[in-house]
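Presented below is the structure to which this report refers.
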Amino acid sequence: MCGMRKTGQENGLLGACLLIMRIEVPRKAEKIIDALQEHGYDAYVVGGCVRDSLLHRSPADWDITTSATPAEVKKIFPRTVDTGIQHGTVTVLIEKEGFEVTTYRIDGEYEDSRHPKEVIFTPDLKEDLRRRDFTINAMAYNHRTGLVDIFGGVEDLKNKVVRCVGDPGERFTEDALRILRAVRFSAQLGFSIEEKTAGAARELGETLEKISAERIQTELVKLLVSPHPQYLKKAWELGLTKIFLWEFDKAMETPQENPHHCYNVGEHTLKAMEAVKADRILRLTLLFHDLGKVETRTRDEEGIDHFHGHPAQSEKIARIVLKRLRFDNDTINKVGKLVYWHECPWQAAPRSVRRALSKTGTELFPLLLEVRRGDIMAQSTYHRKEKLEWLDRLGEIYEEILRKKECVSIKDLAVSGRDLIQAGMKPGKEIGETLDRFLDIVLENPEKNTKEYLLSLL
Ligand code: ATP
Ligand code: MG
C-alpha cells in the first residue's frame, strides 16, 4: 500500500475519495478497459483483484465493472460468452483468456435472504460498489481515475478488518451467505471481523439455513484451505457451524481425558488442520478425522476416555456431511478412505506397509502420512518423539517399496487372470480368489512374485 497519497480530490460523479496510486493491471485486462473507455464508457477493475493488489498478493482473477450494458460490451469485443447475462456479466475473451465484464448494477429487493428479485443496471459506479459485501471488496481502479475507495476499504485493509458496506444487519438480511463470507475472508487474510459486522453475523447466523449447500461448500472450502483454517472456530462462535456443520459443534463439547490429548475433540481438530499444508483433501480429512469420537467415547474407572472404533464412525460422518454439502464423489471417496485409515494402525515393517498399501492404494498413502503427522502434532507431547520416529520409518519403508517396485496389488502380480485361464482354470470367481491368495503370498514375500513360482502353486 506504499506510495499512496490521498488527494482529497472530489469527483462530482462519484463524490468519492480518490487515491493516487498505481496498480499493475495485466495487459489484457487493461486492453479491455481501454477499449471500453475509447467507446465512451467507464470501466474499472474491481473487487477481489483490487483488494489483493493492495495487499501485494497476486489476484486469482481480474474482474471488470463497466457502465456499458452487456449488449454494448458484446458489440465492442469480437469474442464473448454470455456467462451471467441476466446479472449483467459477459466474459470477454482476449487471446483465449476470459475476463468477466459486469455492468454497474443495483441489486433490487431481496427475497428470502438469497436472491435479488431483479437486477437493475445503473450508470453510477458508486451504486455498484455500494451493493458489494465488504469495504475491502468494494474498491475499483483504473489508470485514468486511480483508486476509487468510497467506503474506507483502504483503511480497513490497514486495520485488518472485515466490515460490511453499509448496515451489516441489512446486508446480511439481503444475502445470508455474506455471513459465512465474512469468516472466510477473515481466515484468508488473517483479519478480524469488525464488531457490528460480527454482531449482525451472530444475530442472523441462523438464516444461513436458507443458503444452498453448493454456495456453503464453496465458502467452507475457501476457509479450510486458507492460511488460517482454525478460524472455523469463529464460525462456531458466531453460531454458524450449528447450521451447516453441527457435528463440529458436538466435537467442541467432547472432552478427551487421555494422556495423548490436551484439547477437546473440536480444538484438536482445529489444531490438526493448521498442522497440515493447505490442501483441500488434507484439510477436509482432518476436519472429519475425529468427529466419530463424539459417539464412541467411553470413560474407564480411572477416568480415562477411550474412543474405540472412532475412525469408522468418523468416516461415516464424513460421507454424510460431504454428501449433504454436495461434494463430488471423488472427494467423498478420498476423504472417506483417508479418515478411515487416519490412525495408520500399522507396524513400521515392510510386510505391514505392503499390506497397508494393498488396502489404501499407493496414491493415498503419502497423503495418509501427512494426515497422521498433522494429527500427532495436534496431540499432547506425550510420546510425540516416538510417534514421529515411527511415522518417518513408515515413510522410508514406503519409499523403499516404491523403489523396489514391489507388488502391492493384484495388478502388480506376475500372473494375471488370463494366465490362469491359459493354465487351464475355468473363468469365474475362482480366478479372483486365486489372485487374492497369490497377492497374500507375495505381500509376505515379494521375491515370490514370479510367474513360474505362482503358476507352480496351482
Ligand atoms: P476470491 O479471491 O475468492 O475470488 P473475491 O473477492 O474475488 O475473492 P468473489 O466471490 O469472486 O470474491 O466475488 C467477487 C466480488 O463480487 C467480491 O469482491 C465482491 O465485491 C462481490 N461479491 C461477491 N459475492 C457477493 C455477495 N454475496 N454479496 C455482495 N457482493 C458480493
Ligand atoms: Mg473472485
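The sequence shown lines up with residues 69 to 526 when you count with this note's numbering. Where a beta carbon is used, it is the ideal one built from N, C-alpha and C, also for glycine.
{"Asked": "Isoleucine 465 beta carbon less than 8 Å from that of lysine 455", "Found": "no"}
{"Asked": "Nearest-angstrom Cα separation, counted from tryptophan 409 out to lysine 345", "Found": "19 Å"}
{"Asked": "Cβ-heavy atom distance, leucine 437 to the ligand ATP, below 7 Å", "Found": "no"}
{"Asked": "Helix, strand or coil at aspartate 243 according to DSSP, with G and I counted as helix", "Found": "coil"}
{"Asked": "Spatially closest choice to serine 254 from Asp508, His124, Phe202, by CA coordinates", "Found": "Phe202"}
{"Asked": "Proximity below 8 Å, CB of phenylalanine 240 to CB of alanine 269", "Found": "yes"}
{"Asked": "Per-residue burial, glutamate 512 [other beta carbons within 10 Å of its own, 16 or more giving buried]", "Found": "exposed"}
{"Asked": "Local Cβ density within 10 Å of aspartate 129, reported as buried at 16 or more and exposed below that", "Found": "exposed"}
{"Asked": "Cutoff 7 Å; reference alanine 482; Cβ partners in own chain excluding five residues on either side", "Found": "Asn517, Thr518, Lys519, Leu522"}
{"Asked": "Assigned secondary structure, alanine 208 (DSSP; H/G/I helix, E/B strand, else coil)", "Found": "strand"}
{"Asked": "Proximity test, glycine 377 beta-carbon vs the ligand MG heavy atom, cut-off 7 Å", "Found": "no"}
{"Asked": "Residue span of the alpha helix (DSSP H) that contains glutamate 106, given as start and end", "Found": "95-106"}
{"Asked": "Leucine 292 beta carbon near the ligand ATP (any heavy atom closer than 7 Å)", "Found": "no"}
{"Asked": "Contact test: alanine 97 Cβ vs the ligand MG heavy atom, cutoff 7 Å", "Found": "no"}
{"Asked": "Start-to-end residues for the beta strand (DSSP E) that takes in arginine 173", "Found": "173-175"}
{"Asked": "Cβ-heavy atom distance, glycine 166 to the ligand MG, below 7 Å", "Found": "no"}
{"Asked": "Cut-off 7 Å between Cβ atoms - residues of its own chain near lysine 278, not counting five sequence neighbours on either side", "Found": "Asp180, Ser181, Arg182, Ala244"}
{"Asked": "4 or more residues per run - each alpha helix (DSSP H) lying fully within the region 372-399", "Found": "378-392"}
{"Asked": "Extent of the continuous beta strand (DSSP E) run through glycine 214", "Found": "214-216"}
{"Asked": "Cβ neighbours of isoleucine 204 in the same chain (closer than 6 Å, five flanking residues each side left out)", "Found": "Arg119, Gly221, Asp224, Leu225"}
{"Asked": "Helix, strand or coil at isoleucine 261 [DSSP, three-state]", "Found": "strand"}
{"Asked": "Glycine 371 Cβ short of 7 Å to the ligand ATP heavy atom set", "Found": "no"}
{"Asked": "Nearest-angstrom Cα separation, counted from lysine 264 out to glutamate 369", "Found": "48 Å"}
{"Asked": "Among Phe312, Lys384, Asp373, the one whose alpha carbon lies nearest that of threonine 353", "Found": "Lys384"}
{"Asked": "Nearest to tyrosine 450 (by Cα), restricted to the options His328, Arg423, Arg486", "Found": "His328"}
{"Asked": "Backbone CA spacing between glycine 389 and asparagine 397 [nearest angstrom]", "Found": "According to the sequence shown, residue 389 is valine rather than glycine. Distance between the alpha carbons of valine 389 and asparagine 397 is about 12 Å."}
{"Asked": "Glycine 220 (DSSP reduced to helix, strand or coil)", "Found": "coil"}
{"Asked": "Three-state secondary structure (DSSP) of aspartate 201", "Found": "coil"}
{"Asked": "Endpoints, alpha helix (DSSP H) assigned at alanine 111", "Found": "Here alanine 111 belongs to no alpha helix (DSSP H); instead the beta strand (DSSP E) covers 111-114."}
{"Asked": "Candidates Glu438, Ala250, Lys185, of which the one nearest valine 230 by Cα", "Found": "Ala250"}
{"Asked": "Valine 230 - partner residues in DSSP beta bridges", "Found": "Ile261"}
{"Asked": "Proximity of leucine 104 and alanine 136 at Cβ, strictly below 8 Å", "Found": "yes"}
{"Asked": "Inter-residue spacing [alpha-carbon to alpha-carbon] between proline 514 and leucine 459", "Found": "23 Å"}
{"Asked": "Backbone CA spacing between lysine 301 and isoleucine 261 [nearest angstrom]", "Found": "13 Å"}
{"Asked": "Burial state of glutamate 287 (16 or more Cβ within 10 Å)", "Found": "buried"}
{"Asked": "Heavy atoms of the ligand MG versus C-beta positions, residues under 7 Å", "Found": "Gly115, Gly116, Ala128, Asp129, Asp131"}
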